[in-house]
Amino acid sequence: MVKLAAILAVPLALLATVASLGVVVVDVREGGPDGHRIVVPVPLVLAQAALAVAPAVAEEELRVPDTGALEHIGVARGVLEAIAAAPDGELVRVEQPDEQVLVVKEGDALLVRVHGREGEDVSVRVPLRMALSALPDREGRVSTLALAGSLGAVRFTDLVEVHDGENHVRVWVW
Amino acid sequence: MRKSVLAAVGLAALVALPAVATPAETATPWIHVRVEEADKESRVHVNLPLSVVEAVLEATPEIIESHGKVNLGKHHGIKLEDVRRIWKELAAVGDAELVTVEEKDETVKVWRKGDRIHVRVEKAGKEEVRVEVPVSLVSAALAGSEEAINVKAALAELRTARGDIVQVNDGDSAVRIWIDEQNSQAR
């Protein structure tokens, strides 16, 4: 009995450790309630480790090519920082007969909701800190280390939810 | 049937979105832009805290020089110093009709009333452009002595300005730009 408990304790402790450090969960449901369901849990620490070592493995691939957009990175950074410091509010609302788009600043995140003509609903929560971390510098280098660090700050957050009739995709950090 | 139910649910979700969708007073001035096209049943609302607009302007060195001024140069036909001189005269006049152009199908009027400069364009009753600019905003934009518009001073003035700035109605579409302290637009 003690032996069994000891054997079970190791994976359980490992599981508890991984869970306590956070998990990114990708949940895909196809074909309605009776369709396939795929759930992919990725330990946050694994994602962070992968991001941390990414530059050593693929430095060039992580560099954003300079197509002229890089000179505006400063503007994007300034805007994101100003939005982060601004009070909550509705930034954009587009209402058309077959499509609605809403962008709201809510706390430390931007919430984008789209309701499309086919009845699909897309909901994306962009944590502002993560968005700032994902911005490349003026040389086009993305700091994956900063991105990895920002992942830890978005725990217990729904990042993406897409609903298009019978299919449902949800990505959240637990 | 199912799609219409989904559409209804989606619309309801949008309408029922967070509490922030309800206009709420903030301590920050917000610039609101509303574009409505009746024939397309389209409405676009943009609301930006003034601090975000300032961030855009401050981070755009190609447009704004390091001292926060837009350089007009001399190739626009009129020197800024001449504009300043004319404005100085106009600002001292007080309430008055400044410009009236009446053509067959278009009327343009510019006048000052109180602390605002009004511009109105009417085209055979079809199109109407109405611009209301606070006198203090123009004065701030023209502050200084260089051949450049003082954007920083204008933005500082906008922080205290409230109310409509631009309204355009051409029958099919309507554009309105205004400043208040609400974090969204009443629908």
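So the sequences go chain by chain: A and B.
Quick note: the first sequence uses this note's numbering, first residue 1, plus one each step.
Quick note: the second sequence uses this note's numbering, first residue 1, plus one each step.
Just so it is clear, CB atoms sit at the ideal spot from N, CA and C, and this is done for glycine as well.
All values derive from a computational prediction rather than experimental measurement.
Which partner residues does residue i have in the DSSP bridge list?
i: Val122/A; result: Val114/A and Val162/A
i: Thr107/B; result: Glu102/B and Glu122/B
i: Leu91/A; result: According to DSSP, Leu91/A bridges with nothing at all.
i: Ile117/B; result: Arg112/B and Val133/B
i: Trp172/A; result: Val25/A and Asp158/A
i: Ile165/B; result: Answer is none; Ile165/B lacks a bridge partner.
i: Arg63/A; result: Arg141/A
i: Asn127/A; result: Sequence inspection shows Pro at residue 127/A; the Asn mentioned does not correspond to that position. Answer is Ala109/A, bridged to Pro127/A.
i: His45/B; result: Arg93/A and Arg34/B
i: Glu128/B; result: Glu122/B and Asn169/B
i: Glu97/B; result: Trp111/B
Could you tell me how far apart the beta carbons of residue i and residue j are, in whole angstroms, since I believe they sit closer than 8 Å?
i: Val124/A; j: Val79/A; result: About 18 Å separates the two Cβ atoms, so there is no contact after all.
i: Val126/A; j: Val112/A; result: 7 Å
i: Glu36/B; j: Lys79/B; result: About 39 Å separates the two Cβ atoms, so there is no contact after all.
i: Val46/B; j: Val33/B; result: 4 Å
i: Val45/A; j: Val26/A; result: Between Val26/A and Val45/A the Cβ distance is about 16 Å, and since that is not below 8 Å, they are no contact.
i: Asp116/B; j: Val135/B; result: It is worth fixing the name first, because residue 116/B is Arg in this sequence and not Asp. The Cβ separation is near 6 Å, so the contact holds.
i: Ala161/B; j: Leu137/B; result: 6 Å
i: Asn183/B; j: Ala24/B; result: 5 Å
i: Leu132/A; j: Leu110/A; result: At roughly 11 Å, the Cβ-Cβ gap does not stay under 8 Å, so Leu132/A and Leu110/A are not in contact.
i: Glu90/A; j: Val104/A; result: 5 Å
i: Asp164/A; j: Glu120/A; result: 4 Å
Per DSSP, what kind of secondary structure is residue i in: helix, strand or coil?
i: Lys40/B; result: coil
i: His75/B; result: Low per-residue confidence applies at His75/B: pLDDT is 49, beneath 50, and the placement is therefore not dependable, though the value from the model is reported in the following sentence. Three-state result, His75/B: coil.
i: Asp137/A; result: coil
i: Asp27/A; result: strand
i: His67/B; result: Only weak support is given to the placement of His67/B: the predicted model assigns it a pLDDT of 49, under 50, and the value that follows is read from those uncertain coordinates. His67/B falls in the coil class under three-state DSSP.
i: Val10/A; result: helix
i: Pro41/A; result: strand
i: Gln185/B; result: coil
i: Ala143/B; result: coil
i: Ala27/B; result: strand
For the beta strand (DSSP E) containing residue i, list its first residue and its last residue.
i: Gly74/A; result: Segment Ile73 to Ala85 is the alpha helix (DSSP H) holding Gly74/A; no beta strand (DSSP E) there.
i: Ala148/B; result: Ala148 to Asn150
On the DSSP letters alone, give me the boundaries of the alpha helix (DSSP H) that residue i sits inside.
i: Ser173/B; result: Per DSSP, Ser173/B belongs to no alpha helix (DSSP H); it is in the beta strand (DSSP E), Ser173 to Gln182.
i: Val101/A; result: No alpha helix (DSSP H) contains Val101/A, which is instead part of the beta strand (DSSP E) from Glu99 to Glu106.
i: Arg84/B; result: Leu80 to Val93
i: Val53/B; result: Leu50 to Glu58
Nearest CA to the CA of residue i: which residue from the options?
i: Asp170/B; options: Arg120/B, Ala186/B, Ala161/B and Leu137/B; result: Arg120/B
i: Glu41/B; options: Gln96/A, Val114/A and Leu51/A; result: Gln96/A
i: Asp164/B; options: Ile177/B, Gln182/B and Glu122/B; result: Ile177/B
i: Trp87/B; options: Glu106/B, Trp111/B and Asp105/B; result: Trp111/B
i: Glu61/A; options: Val142/A, Ala146/A and Asn167/A; result: Val142/A
i: Ala86/A; options: Ser145/B, Pro29/B and Glu157/B; result: Pro29/B
i: His168/A; options: Val122/A, Ala47/A and Glu90/A; result: Val122/A
i: Ala76/A; options: Asp88/A, Arg138/A, Gly152/A and Arg63/A; result: Arg138/A
i: Glu118/A; options: Glu166/A, Glu81/A and Phe156/A; result: Glu166/A
i: Gln48/A; options: Thr144/A, Thr157/A and Pro136/A; result: Thr144/A
i: Ala140/B; options: Leu158/B, Ala124/B, Gln185/B and Asp95/B; result: Leu158/B
i: Leu155/B; options: Ser51/B, Glu103/B and Val166/B; result: Ser51/B
i: Glu128/B; options: Gly114/B, Ala143/B and Val108/B; result: Val108/B
i: His36/A; options: Glu59/A, Val28/A and Val57/A; result: Val28/A
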